[in-house]
Amino acid sequence: MRNIISEKNETNCCGCGACSKCCPRHAIYMEEDENGFDYPKIDESKCTECGKCLKVCSFEKKEQSRKETYAAQAKDTDLEENASGGIFTVLAQEVLKRKGIVYGCAMLYENQNLVIKHIGIDKIEELCKLKGSKYVQSNLENVYVEIKRHLEHNETVLFSGTPCQIAGLRGYLQRTYANLYTIEIICHGVPSAKLFQNYLGYIESKEGKKIAGFYFRDKSSGWKLYGKMILENRDGSQKERYFEPEESSYYQMFLNGYTYRKSCYFCPFASEYRQGDITIGDYWGIELVHPEYLKKYGGEIEKEKGVSCLIVNNDQGRTMLAKYGSNIIKYPSSYQRAAKYNAQLVQPSALKRQREKVMKLQKQNYACVERWYQKRRNRILFVRKLRSMIPKRIKIFIRKIKV
């Protein structure tokens, strides 16, 4: 076996790009495949097979020390802007107040397109760029290099991203830094930026309008999954359009797990082997596993404002919360309870046969994907309608027969 990163394949490469940034001879570059996912390529004329790229590759399980799991919520939560519970916002604000730098995923309008990429900010006014859910693989560009430079200058850095992006950062740095704090999101998987751009292009062509903004989880109606897009007319006027997940083929296929990067279905980090100092995500099923914490049942948590699953994975995570988490309300839970309705804490998303179909269709154009999706959706809606017409007593009788 050759001592180079090209031996990796699509099931064990997450596309973090750490290998391309560490190569001392700049022999590695990231290249997009036909589905829009980046993979490392080797310039054989420059490569000396030193093996450094393999050394920094971190797409494997690494055990963390004892964990503490909580149901959590920010004391003052602006639901419409924050991801569930507002935990990231609280920690990021405190880091920024103390002259630190915060890195996270942003959806920016650049060159007439919505672009998903990681950026660094040093002002609280810019924090809005990093808020909200983005169900697309972000472009890390030179973020790892920038972070190392900040760390070497003794600046505090808070990095948020997927578990594999944090593993990539740690692999690139090759040492620990007391001034680096990492927050990982509970990740189901990531579609490619190419698929997202093709989807937006399809909508723009269909509507005859520009998409000036896109929000996967608009919180104006509560802790739900509704999305919102901002459509811009030629005269510059804008109109907001709200939609349920199944009304958006891209959004619903993400939720169904049809469009992720191949390695996401084999992810070693969809387990107890967490990579961030802390892990955050929605505490789905909180009303079932911890009803005593909710105001409805005499507790203090307002479920409508979003509830976070907060997992502290190591001493650095405990230090982070002690220094920056005074505005977070925490209630004891357990990893097992949090994982009951958050499957990605114990296993990766299942690879479904529909993924191959979507990838094949999107190579033609997004209209083909949309037609396939709408055909499936119409069948599902038809079956739902038929079921709703069956009398309740018949349904009960059928269930008894099955038993």
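Mind the numbering: the sequence shown is residues 1 to 403 in the UniProt record's numbering, read in order. Glycine is no exception: its CB is placed at the ideal position from the N, C-alpha and C atoms.
Classification of residue i by the beta-carbon crowding that lies within 10 angstroms, buried from 16 upward
i      : result
Arg384 : exposed
Asp282 : buried
Pro245 : buried
Asn378 : exposed
Met359 : buried
Phe382 : exposed
Asp43  : exposed
Leu130 : buried
Met320 : buried
Lys210 : buried
Best match in the options for proximity to residue i [C-alpha to C-alpha]
i      : options                        : result
Glu272 : Arg261, Pro291, Pro245, Asn313 : Asn313
Leu288 : Val145, Gly276, Lys303         : Lys303
Gln374 : Asp315, Leu225, Ser249, Leu255 : Ser249
Asp38  : Lys206, Lys62, Tyr29, Ile301   : Tyr29
Ile328 : Tyr335, Ile280, Met229         : Ile280
Lys352 : Gly86, Glu300, Gly257          : Gly257
Asn35  : Asn198, Glu94, Tyr324          : Asn198
Asn111 : Ala212, Lys305, Arg234         : Ala212
Gly306 : Ser138, Val346, Asp218         : Asp218
Pro268 : Thr162, Ser138, Arg399         : Thr162
Supposed contact pair residue j and residue i - C-beta distance, whole angstroms, cut 8 Å
i      : j      : result
Phe59  : Cys164 : 6 Å
Gln275 : Ile166 : 4 Å
Leu91  : Leu173 : About 20 Å; that fails the 8 Å criterion.
Ile116 : Val136 : 4 Å
Val56  : Cys22  : 5 Å
Gln93  : Leu54  : Going by Cβ atoms, the distance from Gln93 to Leu54 rounds to 39 Å, so no, they are not a contact pair.
Glu10  : Ser334 : Rounded, the Cβ-Cβ distance is 35 Å, inconsistent with contact.
First through last residue of the beta strand (DSSP E) which encompasses residue i
i      : result
Glu110 : 101–110
Gly161 : 157–161
Gln73  : 68–74
Thr182 : 180–185
Gln275 : That residue, Gln275, is in no beta strand (DSSP E); it is neither H nor E in DSSP.
Arg234 : First-last for Arg234: undefined, no H or E at that position.
Residues of its chain near residue i, where Cβ-Cβ distance is below 7 Å and the 5 sequence neighbours each way are ignored
i      : result
Lys239 : Leu231
Tyr253 : Per the sequence shown, the amino acid found at residue 253 is Met instead of Tyr. Closer than 7 Å at Cβ, skipping near neighbours: Thr259, Val358, Tyr373.
Own chain residues within Cβ distance below 6 Å of residue i, not counting five before or after
i      : result
His290 : Ala71
Leu108 : Val115
Lys293 : Checking the displayed sequence, the identity of residue 293 turns out to be Tyr instead of Lys. For Tyr293, where only same-chain residues beyond five positions count, the Cβ hits under 6 Å are Ala71, Gly299, Ile301, Tyr331.
Arg318 : Val312
Tyr366 : Asn198, Tyr199, Tyr202
Range of the contiguous alpha helix (DSSP H) that encloses residue i
i      : result
Gln362 : 353–362
Gly336 : The sequence shown places Gln at residue 336, rather than the Gly named in the question. Note, Gln336: alpha helix (DSSP H), 335–339.
Asp315 : 315–324
Lys383 : According to the sequence displayed, residue 383 carries Val and not Lys. Start and end: 366–389.
Gln20  : Position check: residue 20 holds Ser in this sequence, whereas Gln was assumed. From DSSP, the alpha helix (DSSP H) with Ser20 extends over 18–22.
Beta-carbon proximity list for residue i, same chain, < 8 Å, skipping 5 on both sides
i      : result
Glu155 : Lys99, Gly100, Ile101, Asn179
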